[in-house]
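Numbering of the sequence shown is given in my numbering, commencing with residue -8 and proceeding in unit increments.
The beta-carbon is built from N, C-alpha and C at its ideal position, and this holds for glycine as well.
Some notes on the structure that comes next.
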Amino acid sequence: MSIFRDIPPTAGLPLSIRELAAAYRNRHAGGLLAQDFQNFLGAPYAAVTCSGTSALYIICEALKELSPKRTILVPSFICPLVAFALRRAGFFIEPYDVGPRDFNGDAGRVAAACAANADIGTILINHLGGIPCDLTRFEQTIRATGLFVIEDCAQSFGALHKGRPVGTLGDFSFFSLAAGKGLTLYEGGVLAVNKNEHAALMDAKIRQLVKCDFRREARRILELLGYGLFYRPLLFWFVFTLPQLYWSRRGDDIKALREDFDSTFPVHAVSDFRKAAGHIAFPRIAGAIGSQREKAACYREALKNLPGLCILQEAAGDAATYPYVIALFDQPEKKLQALQAFAGAGLGVSQIYARALADYGYVQDSVPNRNSENARRLAERAITLSTSPFLKKSDIEKCIEIMHTVCGR
Ligand SMILES: Cc1ncc(COP(=O)(O)O)c(C=O)c1O
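Structure below.
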């Protein structure tokens, strides 16, 4: 078992203690992080929030001022925190199923759902795994019914759909700056508005809903410092893999995958120090994404002909960011075999979500149990291959070798 060299499962951007010290010295520059996002997106408004979840919650609170409709179409394979944000804002969830080998919904089914329920006023799309979702397929329905579009860009900052950055395709978007999500404040998020006419409303909502919470922010600052120290292969096993092993052995896959979320997420102000840490690391994102793409291409090339395996990738003309690579087996048994083969190897192989959204016990009262067949299929058959900056060429070669063995080649 690899204890002293354990690769993180996703491509979180490491932060050095030197960068954190520079962030402290330049904390007055914290306000520039929102500007970084706004400039990158060319958006009229962006703001830093304490999480992606709180960003979505604030967007939904603003939506209530724009439309009386209270039902949102949500993909069936998505982070359960999304359901918490929507429910807290008083919205109902109508799941639409993702594709069998992508995270796009079916245009006909989405149109039918809108025709059947006049309360549907918004569709949330998700660029999961940094792979741009194809919004154009819903264009007719969006135009015909005046749906608002929220983009969940929690995992996809920097991805391009037909040359346009994700986060600029719909009306509103949000990004996650949680640990492991690329650029990080340990916990954090960004919300963006794409139409001038919504900027003032969003700003007013932020002023109304976001409160100072010194104790929680102090804890986040300590966690960010801990991230600077521990987010490296030498120490990652102790802070991440050890608790994961503990919960796996106890048979709790939800806790092992850190999906034991709590509906009482905070909505508090982020300190200038943490924002400055994000601003200082921001220029490194482009290079990190380039390296993730190279690693993804390497996996794709080496695994493309393996029987019973599909490596998910973006549509032609799009550019995914690949914070990890999704390998989808035809058979659920193969996924289990693969996870066993990688256990203890320290190569960062993991899973996306343990369940379809409707199947998490803690959201069952708010997510109807329908339209989730493909999501269940993905949960049962997909593993993730790391594109972490710590992953070396020799690690990728080992991963490829193990995948060949699992797939019988
Ligand atoms: C697709 C997706 N949406 C939303 C979220 C919530 O973001 P955060 O953890 O920053 O609240 C996540 C985070 O795991 C996510 O992966």
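For ASP251, there is no enclosing beta strand (DSSP E), since its DSSP letter is neither H nor E. Residue list for ligand 1: SER42, GLY43, THR44, ILE69, CYS70, LEU72, VAL73, ASN117, LEU119, ASP143, ALA145, GLN146, SER167, ALA169 and GLY180 (CB closer than 6 Å to any heavy atom, chain order). Rounded to whole angstroms, the gap between the alpha carbons of PHE(-5) and VAL230 is 12 Å. Fully enclosed alpha helix (DSSP H) runs of no fewer than 4 residues occupy 130 to 136 of the stretch 112 to 169, in order along the chain.
Annotation for GLY217: no beta strand (DSSP E) segment contains it, though the alpha helix (DSSP H) segment containing it runs 205 to 221.
By the 16-neighbour rule on beta-carbons within 10 angstroms, TYR237 is exposed. For ILE8, the uninterrupted alpha helix (DSSP H) segment begins and ends at 8 to 16. In this chain, PRO274 is not harboured by any alpha helix (DSSP H), its DSSP state being neither H nor E. Per the DSSP secondary-structure output, PHE75 pairs with nothing in a beta bridge. Nearest neighbour of PHE252 by Cα position, chosen from MET193, VAL73, LEU23 and ALA183, turns out to be VAL73. Every alpha helix (DSSP H) stretch that sits fully inside the stretch 334 to 389 and reaches 4 residues is listed by chain position as 364 to 372. The continuous alpha helix (DSSP H) containing ALA103 extends over residues 98 to 107. Taken through DSSP and simplified to helix, strand or coil, TYR87 comes out as strand. Between PRO224 and PHE333, the C-beta gap is not smaller than 8 Å, which leaves the two residues out of contact. From the listed residues GLY99, ARG18, GLU388 and SER357, the smallest Cα separation to ARG291 is found for GLU388.
Under the Cβ criterion (8 Å, minimum of three pairs), the stretch 150 to 165 counts as touching the stretch 119 to 134.
A Cβ-Cβ distance of about 18 Å is found for the pair PRO71 and GLY96, leaving them out of contact under the 8 Å criterion. A contact between stretches requires three or more CB pairs, one per stretch, nearer than 8 Å, and the stretch 257 to 265 meets this requirement with the stretch 40 to 49.
The beta carbon of LYS286 is closer than 6 Å to those of THR378 in its chain, skipping five residues each way along the sequence. Between GLY173 and LEU4, the gap from beta carbon to beta carbon is short of 8 Å.
When the five nearest sequence neighbours on each side are left out, the beta carbons in the same chain lying within less than 7 Å of the beta carbon of ASP309 are those of PRO123, LEU151, HIS152 and LYS153, in order along the chain. Here the alpha carbons of GLN322 and PRO298 stand approximately 11 Å from one another. The alpha carbon of GLY112 has as its nearest neighbour, out of ILE374, CYS51 and PHE75, the alpha carbon of CYS51.
Distance from the CA atom of ARG128 to the CA atom of VAL184, rounded to whole angstroms, is 22 Å. Taking C-alpha positions only, ARG92 is separated from LEU369 by approximately 8 Å. In the same chain as ILE69, and ignoring 5 residues on each side of it, the C-beta atoms closer than 6 Å to its own belong to ASN117 and LEU348, in chain order.
Contact between TRP228 and ASP(-3) holds, since their C-beta atoms are separated by about 4 Å, short of 8 Å.
Rounded to the nearest whole angstrom, the CA to CA distance from PHE221 to GLY137 is 47 Å. With respect to the 8 Å criterion, THR132 and ALA169 are not classified as neighbours on the basis of their beta carbons.
For LEU300, the beta-bridge partners assigned by DSSP are PHE320.
Each residue's CA atom was taken as its position, placing ILE49 and MET394 some 42 Å apart. Boundaries of the beta strand (DSSP E) around LEU64: 62 to 66. Approximately 7 Å separates the beta-carbon atoms of LEU294 and ILE391; this is inside 8 Å, confirming the contact.
For ALA183, the uninterrupted beta strand (DSSP E) run begins and ends at 180 to 184, by DSSP. A straight-line Cα-Cα distance of about 20 Å links ARG210 and PRO234. A distance of 8 Å or more separates the beta carbons of ARG275 and LYS326.
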